[in-house]
Amino acid sequence: MLTYLSHNWGMILNLTGQHILITGLTIAIATVIAWPLGYFFASHPLLNRFIMPILSLIYTIPSLAFFVLLIPWFGLGLVPALIALVAYTLFVLVRNTIVGYQQVAPSIVETARSLGYSRWEVFLKFKTLYALPTMLAGLRIATTSTIGIATIASYINAGGLGTMLFNGLNQNNYTEVVVGSLVISLFAILVNFALAALQNRALAYINGEL
Numbered sequence: 001m002l003t004y005l006s007h008n009w010g011m012i013l014n015l016t017g018q019h020i021l022i023t024g025l026t027i028a029i030a031t032v033i034a035w036p037l038g039y040f041f042a043s044h045p046l047l048n049r050f051i052m053p054i055l056s057l058i059y060t061i062p063s064l065a066f067f068v069l070l071i072p073w074f075g076l077g078l079v080p081a082l083i084a085l086v087a088y089t090l091f092v093l094v095r096n097t098i099v100g101y102q103q104v105a106p107s108i109v110e111t112a113r114s115l116g117y118s119r120w121e122v123f124l125k126f127k128t129l130y131a132l133p134t135m136l137a138g139l140r141i142a143t144t145s146t147i148g149i150a151t152i153a154s155y156i157n158a159g160g161l162g163t164m165l166f167n168g169l170n171q172n173n174y175t176e177v178v179v180g181s182l183v184i185s186l187f188a189i190l191v192n193f194a195l196a197a198l199q200n201r202a203l204a205y206i207n208g209e210l
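For what it's worth, full-length UniProt numbering labels the leading residue of the sequence shown as 1, then goes sequentially.
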């Protein structure tokens, strides 16, 4: 294994960079979509009952099948991978955004308004702040799951660390498979640890411990 690492560290770094790019773009796009949607549906429960089953249904589609279904329209590469990954990620992000905003006590909002805060300030400094830990929990789940699903995206030439797994399996090079699996796992663990720390810090701030 050490011999493989010494001869292929450049390729591993390159594929890791691709994996980070795929994950980062997915989470960024999904967050931009999920945040306003989640806030809107939090105050419109009837629409929430309609949209969440649809997102849940998309979430249950096997990832490889979803990637393959997009090929006739978008071909191979990064674009179909991002579309599928964003679609998967939306369920978790929208759900946790809805729950986060619904958990904000009305008394907190009323107190803020009585103190003269503007509507925008109430939204950012009170509603979003108190919803943030739950939203970050969703971000944590969504990001770690995206890292895993993005591995399969390499099957449609989207790049990333999954390339090592598929190449290794095709060539019976199990060292490459093991190294690829370890790098993916390490990446997911580090991201999960960082987001967990951020979530705990947000909770501590809200509780006045910072």
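Every residue, glycine too, gets a C-beta built ideally from N, C-alpha and C.
Residue range of the alpha helix (DSSP H) that residue i falls in?
| i | result |
| --- | --- |
| L169 | G162 to N170 |
| E176 | Y174 to I206 |
| M11 | L2 to A42 |
| G77 | Counting along the chain, G77 falls outside any alpha helix (DSSP H), and DSSP gives it neither H nor E. |
| L55 | P45 to T60 |
| Y130 | L129 to A153 |
| A105 | Segment: none, A105 is in no alpha helix (DSSP H) and carries neither H nor E. |
So, for residue i: in the same chain, excluding its five sequence neighbours on each side, which residues have a beta-carbon less than 8 Å away from its beta-carbon?
| i | result |
| --- | --- |
| N173 | N167 |
| L47 | F40 and F41 |
| L132 | G100, A202 and I206 |
| V104 | F126, K127, Y130 and A131 |
| F74 | P80 and I83 |
| V122 | V109, A112 and R113 |
Less than 8 Å between the CB atoms is what I'm expecting for residue i and residue j, so what's the real figure, rounded?
| i | j | result |
| --- | --- | --- |
| G138 | N96 | 3 Å |
| G38 | V94 | 5 Å |
| F67 | I152 | 7 Å |
| I33 | L90 | 6 Å |
| residue 228 | N157 | There is simply no residue 228 to check, as the chain begins at 1 and stops at 210 in what is shown. |
| I12 | V191 | In fact, because the Cβ distance is near 17 Å, the residues do not count as touching under 8 Å. |
| H7 | F187 | Not a contact, Cβ separation roughly 21 Å. |
What does a CB cutoff of less than 7 Å around residue i pick up in its chain, not counting 5 residues either side in sequence?
| i | result |
| --- | --- |
| I149 | S63, L85 and Y88 |
| T23 | T143, T146, I147 and A150 |
| T163 | L15 and S154 |
| L195 | L136, L139, R140 and T143 |
Could you check which residue in the options has the C-alpha nearest to that of residue i?
| i | options | result |
| --- | --- | --- |
| Y155 | V99, N14, L57 and L70 | L70 |
| Q102 | I20, I33, V68 and S43 | S43 |
| L129 | A112, G116 and L165 | A112 |
| M1 | V178, N192 and P36 | V178 |
| Y4 | V191, T175, G208 and F193 | T175 |
| A30 | L13, I12, L190 and V92 | V92 |
| I98 | L57, S118 and T134 | T134 |
| W9 | A65, L161, I61 and I189 | L161 |
Is there at least one non-hydrogen atom of the ligand MG closer than 8 Å to the beta-carbon of residue i?
| i | result |
| --- | --- |
| N157 | Only the bare structure without any ligand can be found here, which leaves the ligand MG out of the picture. |
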